[in-house]
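Engineer:
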Amino acid sequence: MASSGLELLWVSAPQLAKGAWETLSISAASIFFASLGGVLYGVLRNLAGLWSKRWLDLTLRIYLEAFRAIPVLVWLYLLFFGLPIFLGVSVPSFWCAVLVLSLWGASEVGEVVRGGLQSLPRGQREAGLAIGLSTPQLYAEVLLPQALKRIMPPTINVYTRIIKTSSLAVLIGVVEVIKVGQQIIERTYESLLIYGFLFVFFFLLCYPLSAASRVLERRWSHA
Amino acid sequence: MSFDWNFVLSTLPAFLKAVGVTLQVGAIAIGTSLLVALCNAALLACRVPLLQVLVKVYVEVARNTPLLIQLFFIYFALPSVGIRISGFASAVIAMTFLGGAYLTEVLRAGVEAVPRAQIESGLAIGLSRWQLLCHVILPQAGLLSLPALFANFIFLLKETTVVSAVAVPEILYTTKSYIALYYKTYEMLAVMAALCVLLFLPLSLLLGYLERRLQHGQFGS
Amino acid sequence: GNNNEAPKQAASEPQPAAEAAAPQGYLDKIRERDRLIVGVFSDKPPFGFVNEKGEYVGFDTDIAKRFAKDLLGDEKKVEFVVVEPASRIPFLQSDKVDLILANMTVTPERAEAVDFTNPNLRVAVQAIVAEDSAVRRLDDLADKTTIVTTGTTADIWLTQNRPDWKLLKFEKNSESLQALANGRGDAYAQDNLVLFSWAKQNPGYRVLEDKLGDEAPIAPAVKKGNIELRNWVDEDLAKLGEEQFLLKLYDQYVRPELADDTDPDSVIVEGGKWQE
Amino acid sequence: MSALIELSSFSKRFGDSQVLDGIDLRVERGEVVVILGPSGCGKSTLLRCLNGLELGQGGSLRFAGRELGADADWREVRQRIGMVFQSYQLFPHKTVLQNILLGPLKVQKRPLAEAVAQAEALLARVGLLDKRDAWPRELSGGQQQRIAIVRALCMNPEVMLFDEVTAALDPEMVKEVLEVILGLAESGMTLLIVTHEMAFARAVADRILFMDGGVIAEQNDPESFFSNPRTARAQQFLEKFSYVENLPRRKTR
Amino acid sequence: MSALIELSSFSKRFGDSQVLDGIDLRVERGEVVVILGPSGCGKSTLLRCLNGLELGQGGSLRFAGRELGADADWREVRQRIGMVFQSYQLFPHKTVLQNILLGPLKVQKRPLAEAVAQAEALLARVGLLDKRDAWPRELSGGQQQRIAIVRALCMNPEVMLFDEVTAALDPEMVKEVLEVILGLAESGMTLLIVTHEMAFARAVADRILFMDGGVIAEQNDPESFFSNPRTARAQQFLEKFSYVENLPRRKTR
Ligand SMILES: Nc1ncnc2c1ncn2[C@@H]1O[C@H](COP(=O)(O)OP(=O)(O)OP(=O)(O)O)[C@@H](O)[C@H]1O
Ligand SMILES: Nc1ncnc2c1ncn2[C@@H]1O[C@H](COP(=O)(O)OP(=O)(O)OP(=O)(O)O)[C@@H](O)[C@H]1O
Ligand SMILES: [Mg+2]
Ligand SMILES: [Mg+2]
């Protein structure tokens, strides 16, 4: 089995590579947009608290809870099949997956950003204001760069979860690496080999990220 | 497209049962994960190099691989070496494997957040290492990491959907069965979404409340 | 015919297949787009799967290619969208595909949601047990655990006709077979085609004689109300029947897997003509 | 001519608690006012209201003749009123020079060369020119606080607010910071200072403002205030501070 | 009879830096020793070595005649040497009484009734009996620090170490804490005190120990030390502290 197994992996390499690429590109795009959205969410939520804007806080909170409570799978269905039926807007499956993962990821990253901003000493924001910085300047120059230290490690954990969750995209027709694995398994019944491969694949993808998060965490906690 | 309320009604008993299974798997897995995490946190706090490395390897492997695949190994691969565990048990074990790792991380961060000076003042009144752990470090670490712990509980409870893959009849399993049988896709997804909101929203609100309380001084009235 | 161009996925699909009330005919619409979009399985051999070369092939899949050839003049003008059992009907309803050719058994519930064309396959469901099992007849399974694959004809039939049997449902055929091999259930009920080919390759199993219900038709499906495309598919199936196209596919995909004396007509429905 | 800063029946509430209660205050250009008072009496809040970190709820606040309400252009006002905090609040991710230049370059959009020249001149004045490229964490508390003062000064403000700027410092570092403030006072700058260093208050102030429970309980020139406080509350307050100084030698042994 | 605490050529290094460099010190039973010195000179490290929070690397440390090395039973020693920190470090998850009783009950395994009785007596002595069931966060800094002292006292230690216990307090709360320490000194307890309150040091000490750069630069009785420091370093140090007190009235105006 060992040699035939290796042979199977070798023969299937192009297929697996294509699936891996699909997983990578969905994850990368989702991570990118989730980060942007997360920062926006975190800053808005922070401001909503400071300015006592209850409606803004409530809106953001509802968005958060919706993505916390309702599984990604349901959102995928809702947006992919629901939008064309109810709104007549059709989003290609790849981008629909990116959209859902980004929205979900943004809610997770956003909470992290909010927490990071909140944990900064209040004096920092006041010191920034006291030299006349505008709100955007305050966040860009003073608060976000500092919060980054606290934000980065847990955010990277969200990234690894986005990568692992990207496999749900198969439901709307995206053939990512797990699906490719299943296609091979259904043809060859070599489930151990393929799942072993997938296990290693995801580990190799996610471990460097979480190792990086740990290094950053350690480096920054000493600085 | 019309929404078939009668059909939804007819499936409710099955879904009720599924909620029970979800809660059961989730609750047991959370409990065992917490146990594993506590042991790991204690091991890490004891600073025995070999044990520390072992705990770290476990955490990294569990955190960086998909639960689905961990589950498949336990359910489908272990029988080939003579270990056959039921779907339910496999689900609990796999979720404990993953959850233990996540919660270990949370507790580790909590332990590290306990100020060094607190430990020293415990030492200064003559507490032993073990007493220090029980009376000073873990209670504070636990409280400090309460929001993170809670967030992870919710995360774990949501991950129970994955165990539908080994025929544990929880919410997603039931949803998928009905969709496959009757093609009432939207009705079933709506039911699933509603159940999730009912299950997770209160937990999530509780989490927000806990977080706010911890900000205004952790302890006491 | 072989289609070397790697199949496209829904990812590259630029616009919805059609609007329901288009003034223009639906076929014109496809012709204008110059592509036929078909939802297929990618992990259900022999109906729709991916071969060693990474090409989408199979009984259903090859028929789809042939439809593209007959409609658009080139079998490469087909675009495959990978579907899952649960997503087949939503893909049609939301105009993401023109046609589903994914081993869909015709049931009354489904016929309410989509329009089936004439059938192209027939399915008989049987159950497989270990050689040394005490189970002889189907109803011996009443107090045992039966494995099924979610959403298959076996799943539907058992749920409706043996509601109190204990069923263990898995997503994939391979998982169900693995579960059977691991002894997690006493029997596995599935399309007999799948069972025969598994039993042939894996000694130690035996297929029970009893069939679960009647043979059921398997048919392509179009969106509810898309009469134009349905009629075209029916016509084309009839045409294909004259050249015994399905038999060729049978020879290619199924014959080597089964016992030599198997009657092809127990699997294929040539020309769309269903006979009980 | 009107005073530089003018508050009349100025009030501020946090929820239910009235933190500032009808404050009337005029600060002339060039005046050095020291605010004393027990913890929680509203000293910090008063300073924070002056540059809009908190907004008042009643009465009026005028700066250079202009009424400042919720809709005032606080960013502009803050450039003219510098503030230094107890815990320095240097930006830890920026070097000393970057800290100082942030305001002049981003807010005031001044040319780089000119801003750097001023920053260096100010750094030299507080004796820290050699630290221009250091990181805040590499500096002692006293050094950080002097940098924080330079950061505020580099905006060329007309008034400086100091909120217990030596309270977080090691006692040995108090001197270097107080010297800088004394220098500012001597150069004729308008200063409002909250401090717990009684001797310093006495030395630097033109006027002492004693607050208690959100009101100005007493104000006077430093000599009179310290040698002869008029209110009982001020007397009590001063006694607490002199406790340590007047501690009797222990009898035993 | 040998001294209660005896260090001879005691040394401590952190990595490359020699923090304590050949310390010779004898503290007799009942003596009150105040340690002064600039920041970073090793005062805290010295106290921390005395109860084993840090281990020395050279020389010897004897307590009550017993040599204390890395293998000493530090838990037992720590019950006899109480320590109070700058930042109180009450356990935030326990009430005042629970904080105080943790040591007596869990470490010393004393009967509950007796321990509670002592705790309440001590609380009464520092004027906080009514706070016995409060949570630390409900108390002011001065109150928390007094509780921390009681927590250490309730172990019936023979020596108490105080490390800048008033440095983190609001000036008004310094008094209440110093009074407690003064009371301990008067009751004849052995105390080692690190402080920056010069007037307090002068009032409470039997002996002043001036440290600089990890060595004991000078030691003397308080009168002599403050009025007539012998080393240049001590003179410099004391000058910095008297700076504020001796500040001249500003000339302008
Ligand atoms: N953001 C806030 N929300 C609610 N209450 C506040 C807030 N800031 C200050 N307070 C309250 O207002 C009162 C005055 O606070 P302030 O900081 O002005 O006192 P202070 O005189 O500066 O005291 P200290 O000498 O301790 O600095 C206090 O009772 C404080 O608890
Ligand atoms: N754990 C440690 N690791 C490395 N260096 C340390 C450590 N603890 C203290 N030091 C260094 O040892 C020296 C003495 O520190 P110590 O805290 O004893 O000084 P101190 O006299 O108490 O000063 P302060 O008045 O600021 O409290 C300092 O230079 C400090 O940086
Ligand atoms: Mg204040
Ligand atoms: Mg110290």
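Residue numbers (this note's numbering), protein chains in the order written: chain A, 1 to 223; chain B, 1001 to 1221; chain C, 2001 to 2276; chain D, 3001 to 3253; chain E, 4001 to 4253. Idealized CB from N, CA, C, for every residue including glycine.
Please list the partners that Val4174 of chain E has in chain H, where partner means a Cβ-to-Cβ separation under 8 angstroms.
Structural biologist: Of the protein chains in this structure, namely A, B, C, D and E, none is chain H.
Engineer: From what residue to what residue does the alpha helix (DSSP H) around Tyr1182 of chain B run?
Structural biologist: Here residue 1182 of chain B is taken as the residue at index 182 of the second sequence, counted from 1. If you look at Tyr1182 of chain B, you'll find it in the alpha helix (DSSP H) that goes 1171–1182.
Engineer: Within a Cβ cutoff of 6 angstroms, which residues of the same chain sit near Leu64 of chain A, ignoring the five residues on either side of it in sequence?
Structural biologist: Taking the first residue of the first sequence as position 1, residue 64 of chain A is located at position 64. Within the same chain, Leu64 of chain A has close Cβ partners Ser107.
Engineer: So that I know if they touch, is there some Cβ in chain A lying closer than 9 angstroms to that of Ser2042 of chain C?
Structural biologist: Looking up residue 2042 of chain C in the third sequence gives position 42. Chain A, which has a Cβ nearer than 9 angstroms to the Cβ of Ser2042 of chain C, makes this yes.
Engineer: Please list, in chain order, all residues of the same chain as Trp104 of chain A whose beta carbon is under 6 angstroms from its beta carbon, the five residues on each side excluded.
Structural biologist: Stepping through the first sequence from its first residue, residue 104 of chain A is reached at position 104. Same-chain partners within the cutoff: Phe67, Val72.
Engineer: From the DSSP secondary-structure annotation, give me the bridge partner or partners of Leu4209 of chain E.
Structural biologist: One-based indexing of the fifth sequence puts residue 4209 of chain E at position 209. In DSSP, Leu4209 of chain E forms a bridge with E:Ile4035, E:Gln4219.
Engineer: What does Pro1079 of chain B reach in chain C if we use C-beta pairs closer than 7 angstroms?
Structural biologist: Taking the first residue of the second sequence as position 1, residue 1079 of chain B is located at position 79. Those are Asn2182, listed as they occur along chain C.
Engineer: Quick one: does Pro1115 of chain B have its CB under 9 angstroms from some CB of chain A?
Structural biologist: To locate residue 1115 of chain B, count along the second sequence from 1; it is residue 115. Not closer than 9 angstroms to any Cβ of chain A, the Cβ of Pro1115 of chain B fails to qualify, so no.
Engineer: Count the CB pairs spanning the segment 4047–4055 of chain E and the segment 4225–4245 of chain E that are closer than 8 angstroms, and state whether there are at least three.
Structural biologist: no
Engineer: Could you name the residues of chain B that Pro2085 of chain C contacts, counting a contact when the two beta carbons are closer than 9 angstroms?
Structural biologist: The residue given as residue 2085 of chain C occupies position 85 in the third sequence. Per Cβ cutoff of 9 angstroms: Lys1176, Ile1179, Ala1180.
Engineer: Which residues bound the alpha helix (DSSP H) around Ser4044 of chain E?
Structural biologist: Your numbering for residue 4044 of chain E matches position 44 in the fifth sequence. Counting along the chain, the alpha helix (DSSP H) containing Ser4044 of chain E begins and ends at 4043–4050.
Engineer: For the segment 109–135 of chain A, which residues have a beta carbon sitting closer than 8 angstroms to at least one beta carbon of chain D?
Structural biologist: Pro121, Gly123, Gln124, Glu126, Ala127, Gly128, Leu129, Ala130, Ile131, Gly132, Leu133, Ser134
Engineer: Thinking Leu2099 of chain C and Pro2220 of chain C are a contact (beta carbons under 8 angstroms), I'd like their distance in whole angstroms, please.
Structural biologist: Residue numbering aside, residue 2099 of chain C sits at position 99 when the third sequence is read from its first letter. Residue numbering aside, residue 2220 of chain C sits at position 220 when the third sequence is read from its first letter. About 6 angstroms separates the two Cβ atoms, so the contact holds.
Engineer: Report yes if the CB atom of Leu2101 of chain C is closer than 9 angstroms to the CB atom of Gly2039 of chain C, and no otherwise.
Structural biologist: As a first step, residue 2101 of chain C must be located in the third sequence, where it is residue number 101. As a first step, residue 2039 of chain C must be located in the third sequence, where it is residue number 39. Cβ distance < 9 angstroms, so Leu2101 of chain C and Gly2039 of chain C count as in contact.
Engineer: Do you know offhand how far Leu3007 of chain D's Cα is from Asp3024 of chain D's?
Structural biologist: Within the fourth sequence, residue 3007 of chain D is the residue found at index 7, counting from 1. Within the fourth sequence, residue 3024 of chain D is the residue found at index 24, counting from 1. Whole-angstrom Cα-Cα distance: 5 angstroms.
Engineer: So which residues put a beta carbon under 5 angstroms from any heavy atom of ligand 1, going in chain order?
Structural biologist: D:Phe3014, D:Val3019, D:Ser3039, D:Gly3040, D:Cys3041, D:Gly3042, D:Lys3043, D:Ser3044, D:Thr3045
Engineer: When you compare the CB of Ser4008 of chain E with every CB in chain D, is at least one pair closer than 9 angstroms?
Structural biologist: Counting from 1 along the fifth sequence, the entry for residue 4008 of chain E is found at position 8. False, the Cβ-Cβ gap to chain D never drops below 9 angstroms.
Engineer: Does the beta carbon of Val142 of chain A sit closer than 9 angstroms to a beta carbon anywhere in chain D?
Structural biologist: Your numbering for residue 142 of chain A matches position 142 in the first sequence. By this cut-off, Val142 of chain A is an interface position.
Engineer: Would you mind telling me which residues of chain A sit closer than 7 angstroms to Glu2052 of chain C, beta carbon to beta carbon, in chain order?
Structural biologist: Position 52 of the third sequence holds residue 2052 of chain C. Per Cβ cutoff of 7 angstroms: Val11.
Engineer: Below 9 angstroms on C-beta distance, what does Thr1160 of chain B contact in chain C?
Structural biologist: Sequence index remark: in the second sequence, residue 1160 of chain B carries index 160 (1-based). Those within 9 angstroms of Thr1160 of chain B in chain C number zero; the least Cβ separation is about 16 angstroms.
Engineer: Can you list, in chain order, the residues of its chain whose CB lies under 8 angstroms from that of Ile3100 of chain D, leaving out five sequence neighbours each side?
Structural biologist: Along the fourth sequence, read from residue 1 onward, the residue named residue 3100 of chain D stands at position 100. These residues qualify, in order along the chain: Ala3119, Leu3122, Leu3123, Ile3147, Val3150, Arg3151, Cys3154.
Engineer: At least one CB of chain D closer than 9 angstroms to the CB of Asp4016 of chain E: is that the case?
Structural biologist: Taking the fifth sequence and counting its residues from 1, one reaches residue 4016 of chain E at position 16. No, Asp4016 of chain E lies away from the interface with chain D (no Cβ there is under 9 angstroms from its Cβ).
Engineer: What distance in whole Å lies between the Cβ atoms of Thr3195 of chain D and Val3281 of chain D, which are believed to be in contact at a cut-off of 8 angstroms?
Structural biologist: Within the shown structure, residues of chain D are numbered from 3001 to 3253, placing residue 3281 of chain D beyond reach of any answer.
Engineer: Are at least three pairs of beta-carbons, each pair with one atom in the segment 3125–3136 of chain D and one in the segment 3095–3112 of chain D, less than 8 angstroms apart?
Structural biologist: They touch, by the three-pair rule.
Engineer: Does chain B have any CB closer than 9 angstroms to the CB of Asp2060 of chain C?
Structural biologist: By one-based count along the third sequence, residue 2060 of chain C stands at place 60. Chain B, which has no Cβ nearer than 9 angstroms to the Cβ of Asp2060 of chain C, makes this no.
Engineer: Is the Cβ of Cys206 of chain A closer than 9 angstroms to any Cβ of chain B?
Structural biologist: What you label residue 206 of chain A is simply residue 206 of the first sequence in a count that begins at 1. Taking Cβ atoms only, chain B reaches closer than 9 angstroms to Cys206 of chain A, which makes this a yes.
Engineer: Taking 8 angstroms as the cut-off, does the CB of Glu4164 of chain E come closer than this to any heavy atom belonging to ligand 2?
Structural biologist: What you label residue 4164 of chain E is simply residue 164 of the fifth sequence in a count that begins at 1. Correct: Glu4164 of chain E has its Cβ closer than 8 angstroms to ligand 2.
Engineer: Between Val3107 of chain D and chain A, is any beta-carbon pair separated by less than 9 angstroms?
Structural biologist: Translated into the one-based positions of the fourth sequence, residue 3107 of chain D becomes position 107. Closer than 9 angstroms: yes.
Engineer: Give the DSSP-derived three-state secondary structure of Val4194 of chain E in the structure shown.
Structural biologist: The sequence position of residue 4194 of chain E within the fifth sequence is 194, counting from 1. Residue state, collapsed to three classes: strand.
Engineer: Cβ atoms of Thr2061 of chain C and Ile2218 of chain C: under 9 angstroms apart, would you say?
Structural biologist: Residue 2218 of chain C sits at position 218 when you count from the first residue of the third sequence. Residue 2061 of chain C sits at position 61 when you count from the first residue of the third sequence. No. Outside cutoff.
Engineer: Output the distance between the C-alpha atoms of Val2269 of chain C and Val2125 of chain C, rounded to the nearest integer angstrom.
Structural biologist: For the purposes of this step, residue 2269 of chain C is taken as the residue at position 269 of the third sequence. For the purposes of this step, residue 2125 of chain C is taken as the residue at position 125 of the third sequence. Approximately 16 angstroms, taken between the alpha carbons.
Engineer: When you compare the CB of Leu4182 of chain E with every CB in chain D, is at least one pair closer than 9 angstroms?
Structural biologist: Position 182 of the fifth sequence, counting from 1, holds the residue named residue 4182 of chain E. Taking Cβ atoms only, chain D reaches closer than 9 angstroms to Leu4182 of chain E, which makes this a yes.
Engineer: Rank D:Ser3242, D:Ala3072, D:Asp3016 by C-alpha distance to the C-alpha of Met4173 of chain E and give the top, closest one.
Structural biologist: Within the fifth sequence, the letter at position 173 stands for residue 4173 of chain E. The residue with the shortest Cα to Cα distance from Met4173 of chain E is D:Ser3242.
Engineer: Using three-state DSSP, classify Ile1083 of chain B as helix, strand or coil.
Structural biologist: Taking the second sequence and counting its residues from 1, the one referred to as residue 1083 of chain B is at position 83. It is coil, neither helix nor strand.
Engineer: Which of helix, strand or coil does DSSP assign to Gln2190 of chain C?
Structural biologist: For the purposes of this step, residue 2190 of chain C is taken as residue 190 along the third sequence, with counting starting at 1. Correct three-state label for Gln2190 of chain C: strand.
Engineer: Does the Cβ of Ser2084 of chain C have 16 or more other Cβ atoms within 10 Å, making it buried, or fewer, making it exposed?
Structural biologist: Walking along the third sequence from the start, residue 2084 of chain C turns up at place 84. Note that residue 2084 of chain C is Glu in the sequence shown, not Ser. Buried, because 16 or more other Cβ atoms sit within 10 Å of the Cβ of Glu2084 of chain C.
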